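Student:
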Amino acid sequence: MNMIFTLKQLRLVMVRILVAVVVVLFAFPAAAQSFNCGGRLNASEQAVCASQELSSWDVQVAQMYGKLRYSGDGRKREAALRSQRAFLARRNRCGGNFVCILNAYEAQAGALNGIRKAF
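Going by the numbering used here, the first residue of the sequence shown is number 884, and it counts up by one from there.
1) Residues in the same chain with beta-carbon distance under 6 Å from F970, minus the five sequence neighbours each way, listed in chain order, please.
2) Does the count of Cβ pairs from the segment 925 to 937 and the segment 963 to 979 closer than 8 Å reach three?
3) What residues in its chain sit with their C-beta under 8 Å from that of I998, if we drop five residues either side in the sequence?
4) In chain order, what residues of the same chain have a beta carbon less than 6 Å from the beta carbon of C983, not counting five sequence neighbours either side?
5) Return yes when at least one heavy atom of the ligand ADP lies under 7 Å from the C-beta of K959, else no.
6) Do V942 and Q916 have their C-beta atoms closer together than 8 Å?
7) Since D941 is in the alpha helix (DSSP H), which residue starts that stretch and which ends it?
8) Please classify V905: is it buried, with 16 or more other beta-carbons within 10 angstroms of its beta-carbon, or exposed?
9) Reducing DSSP to helix, strand and coil, say where A992 ends up.
10) Applying the criterion that 16 or more other CB atoms from any shown protein chain within 10 Å of the CB defines a buried residue, is R923 buried or exposed?
11) Does the Cβ of R974 have 16 or more other Cβ atoms within 10 Å, making it buried, or fewer, making it exposed?
12) Secondary structure at S917, three-state DSSP: helix, strand or coil?
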């Protein structure tokens, strides 16, 4: 079997690979929030769904919370649960205010990181 390709054949293969990569990259959003954006949402949740930056923060905080919430340490779990409940109430009081919501996510990431290190 002869494996010699012409330049034209190589270009065609490269174009096909590039198209496949682009299709895969655009098939999935860069960041998806930790909750379903369909259905009834409060103003803060709507803002998170509408913003890629807030969605990214939401995913990050949800992952941090999940690691603590499902860790083997009961103190971490309880502290994370209390912190997350307070955070959600604080975030939801922001309404649709982007800066307020962003500040809430940044503060919660710091709080969860503190819980992770404290125990």
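Idealized CB from N, CA, C, for every residue including glycine.
The model shown is predicted, which means the values in this text are computed figures rather than measured ones.
Tutor: Quick look at the numbers:
1) Q991
2) yes
3) L951, K959, A962, A963, S966
4) C977
5) The ligand ADP is not part of this structure, which contains no ligands at all.
6) yes
7) 935 to 952
8) Note that V905 scores a pLDDT of 42, beneath 50, so its modelled location is shaky and nothing firm can be said.
9) helix
10) exposed
11) buried
12) coil
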